[in-house]
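Taken in order, the sequence shown gives residues 1096 to 1319; the numbers are from the numbering used here.
Worksheet: the structure to be examined is printed underneath.
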Amino acid sequence: MNPVAGDPLASSESPLVIQSAVFVTSAVAPQGYPKEGLPEVAFAGRSNVGKSSLINAILGRKKLVRTSATPGRTQTLNFFRINDAFLFVDLPGYGYAKVPQKVREQWGPMVEKYLSSRKELAGLVHIMDLRHPPTADDVQLWNWLQANGIRTVPVLTKADKIPRGKRSSHLHAAARSLGIRSEEFVVFSAVSREGVGELWGKILPWVSRQAPSSTSTTDNGAPS
Ligand SMILES: Nc1nc2c(ncn2[C@@H]2O[C@H](COP(=O)(O)OP(=O)(O)O)[C@@H](O)[C@H]2O)c(=O)[nH]1
Ligand SMILES: [Mg+2]
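Listed below in C-alpha cells is the structure:
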C-alpha cells in the first residue's frame, strides 16, 4: 500500500490516513539521530507557541507529543515515525526568558547543527502566533532559514483567538515583518482544526516518494 498519498480512506481534512505515529528517539547531536534514512519534516517555534498542539492536531492524536510541559525543559530533538514512511522532528522551543542562560546557549548550536547538516531534512514548519507580531527570535530564525535555503512553510497558529474581522491586519503585520506575502502563511488552530488540510497539502509533497513510472496499466512504451 502507498503509505503517503492518494489513500482512499483519507478524509477531506487530511489527505492521509495516519496508521501509525510513534516516538522514535530524542537526540542532542548527530550520533543520536535515527539512521533509517526516512525523509523528515521539522517543526520549530518559540516556547508555548502551540507547536506540540499543532503536531498532535495534524496527526489526530491527543497526546503523542506532550503539551504544556515546563517551557524550555525539553531541550532535545524529538523524532516521531509516521506511517513508517517519514519522520516528524519536534525541535526545542526557543525564546523562553526563564530558561537558564546555559540551556539557551545550547539551543542555537544544537538546532543549527541539525538544520544545516541533516540530509534527510525535507522541510520545516515554522510556527508563529497569529495574535502577536513575529518576535525578534522568530524573524531571526526565519531569515536564517531563508539564507540557508531550507524549504519552510510559515504557520500562524491560535487563529481561534482572533475574530475573523481582525485577521487580515494580523496577517499583514506578520507578512511585513518576515518580508513575505500574507497568502504564504497557513492560518491554523489546534482548537478548531482550521488549517489541518492546508498544512498537509504543503508538507505531504515534501515526503512523498515519486510514484513509480511503471504503475500505468496501459501498454505505453511496452514492447509489442
Ligand atoms: N486557543 C488555542 N490554544 C492553543 C492552540 N495551540 C496551543 N494552545 C495552547 O497553548 C499552550 C501551549 O501549547 P503547546 O502545544 O504546549 O506549545 P509548545 O510549547 O509550543 O509545544 C497550551 O495551553 C495549549 O493548550 C490553539 O490553536 N488555540
Ligand atoms: Mg511543546
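C-beta: ideal position from N, C-alpha, C; glycine also.
Distance cut-off 8 Å: residue i Cβ against heavy atoms of ligand 2
| i | result |
| --- | --- |
| G1188 | yes |
| S1147 | yes |
| V1160 | yes |
| D1185 | yes |
Residue burial classification, residue i (beta-carbon count within 10 angstroms, cutoff 16)
| i | result |
| --- | --- |
| K1157 | exposed |
| F1138 | buried |
| P1249 | buried |
| K1130 | exposed |
| G1203 | exposed |
| K1197 | exposed |
| E1135 | buried |
| D1179 | exposed |
| I1287 | Reading off the sequence shown, one finds Ser at residue 1287, where the question assumed Ile. By the neighbour-count rule (16 or more Cβ atoms within 10 Å), S1287 is not buried but exposed. |
| S1211 | exposed |
| G1190 | buried |
| H1267 | exposed |
| R1176 | buried |
| S1142 | buried |
| A1242 | exposed |
| A1285 | buried |
| A1217 | buried |
Residue i beta carbon near ligand 1 (any heavy atom closer than 8 Å)
| i | result |
| --- | --- |
| K1157 | no |
| S1142 | yes |
| T1252 | yes |
| I1177 | no |
| T1222 | Checking the sequence, you will find Ile at residue 1222 rather than Thr. Answer for I1222: yes, Cβ within range of ligand 1. |
| A1285 | yes |
Alpha carbon of residue i to alpha carbon of residue j, nearest angstrom
| i | j | result |
| --- | --- | --- |
| G1188 | P1300 | 25 Å |
| F1280 | L1251 | 7 Å |
| L1172 | P1229 | 23 Å |
| L1186 | L1149 | 13 Å |
| K1253 | L1219 | 19 Å |
| E1278 | F1118 | 33 Å |
| K1261 | L1225 | 10 Å |
| M1291 | Q1235 | Note on residue identity: the sequence assigns Val, not Met, to residue 1291. Cα to Cα, the separation comes out at about 26 Å. |
| S1264 | M1223 | 15 Å |
| K1146 | G1140 | 7 Å |
| L1154 | K1193 | 30 Å |
| G1167 | R1304 | Residue placement at G1167 is flagged as unreliable, the pLDDT there being 49, under the threshold of 50; a coordinate-derived value is accordingly withheld. |
| F1283 | T1120 | 27 Å |
| E1215 | I1257 | 36 Å |
| E1108 | D1232 | 32 Å |
| G1127 | T1247 | 24 Å |
| L1133 | V1206 | 19 Å |
| S1272 | N1238 | 11 Å |
| P1195 | Q1170 | 12 Å |
| V1302 | R1199 | 31 Å |
| P1181 | F1174 | The residue you asked about is not Pro; residue 1181 is Phe in the sequence shown. Each residue's alpha carbon lies about 10 Å from the other. |
Proximity test, residue i beta-carbon vs ligand 4 heavy atom, cut-off 8 Å
| i | result |
| --- | --- |
| K1256 | This structure lacks ligand 4; the ligands present are ligand 1 and ligand 2. |
Below-9 Å beta-carbon distance, residue i vs any chain B residue
| i | result |
| --- | --- |
| V1291 | Among the protein chains of the structure shown there is no chain B, as only one such chain exists. |
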